[in-house]
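This report concerns only the one structure given below.
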Amino acid sequence: GGPRYTFEPGKAAALLKEAGIAPGTELQFAVMSPDDQKVGELWRAELANLGVNLELERMTFDTMLDLVRNNPTAAPHVIPLMTWPDVISPYSLLYLQFHTQDPPIFNLANYRSAAFDQLIDDGNVLSGRDRDEATAKFVAAQELLLDDAPAVFVKDMPNVHFISSDLRGYVDNPAYPKIVFWYDLRR
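For the sequence shown, the working numbering begins at 0 and goes up steadily by one.
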């Protein structure tokens with residue numbers, strides 16, 4: 000693990016005020032799955048305590064993506080997203096979601112940070128020859144993300160598999176959660 004968020008309603012109220020979000024402000028939360036609905040309801044209740052109204056809006060992923068790319072002022076303010084890397088490298092996920100993109104491809108927050116971009120680009124180059132230095136770059140980039148807060152990381156999905164004791168050849172691959180490569184299995 001890395002740094003974790005703490006529950007501090009007073010600090011949240013101060014940060015909202017500092018950001019110019021006044022009591023009575025309405026924000027939109029994209030609901031694209033049953034899990035999103037549950038998370039949205041929890042957030043709505045907590046934000047109501049801070050005077051912010053969170054409207055839950057059902058939409059498809061494609062509708063949300065179209066709004067972000069083509070009409071960002073109409074896009075939801077909060078977009079819950081669960082994704083995983085296509086390869087086992089921090090670069091894959093960090094680049095996809097947070098590297099500067101013009102126009103945004105999958106950087107849904109339209110986050111722009113030359114320092115972040117440089118850290119992950121350097122980490123990617125170094126990963127083939129100096130793993131420790133690459134790790135330091137990726138950790139620094141993630142700390143920058145936590146400080147800048149273009150996203151709030153609220154959920155870590157468990158990847159649980161129940162396997163019969165007589166099954167052999169199973170190897171979990173975190174790049175493919177909830178997927179079993181059956182051709183490797185035997186009894």
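For glycine and all other residues, C-beta sits at the position ideal for the given N, C-alpha and C.
With C-beta atoms as the reference, is Leu143 less than 8 Å away from Leu118? yes
Separation of Ser163 from Leu80, as counted between CA atoms: 32 Å
State the Cα-Cα distance for the pair Asp120 and Tyr90, rounded to the nearest angstrom. 8 Å
Start and end residues, beta strand (DSSP E) containing Arg57: 52-57
In whole angstroms, what is the alpha-carbon distance linking Glu17 and Ala140? 25 Å
Of the choices Glu56, Pro176, His98, whose alpha-carbon is the least far from that of Gln36? Glu56
For Asn106, count the other beta carbons within 10 Å of its own beta carbon; 16 or more makes it buried, fewer makes it exposed. Which is it? buried
Only counting runs of 4 or more residues, tell me where the alpha helix (DSSP H) segments fall wholly within the stretch 65-126, in order along the chain. 89-97, 113-125
On a Cα-Cα basis, can you pick out the residue from Pro173, Tyr169, Arg68 that is closest to Tyr182? Tyr169
One or two residues paired with Leu26 in a DSSP bridge: Leu53
Work out the CA separation of Gly9 and Gln100 for me, nearest whole Å. 34 Å
Compare the C-alpha of Asn109 against each of Gly23, Ala74, His160, Val86 and name the closest. Ala74
Is the Cβ-Cβ distance between Met31 and Thr59 less than 8 Å? yes
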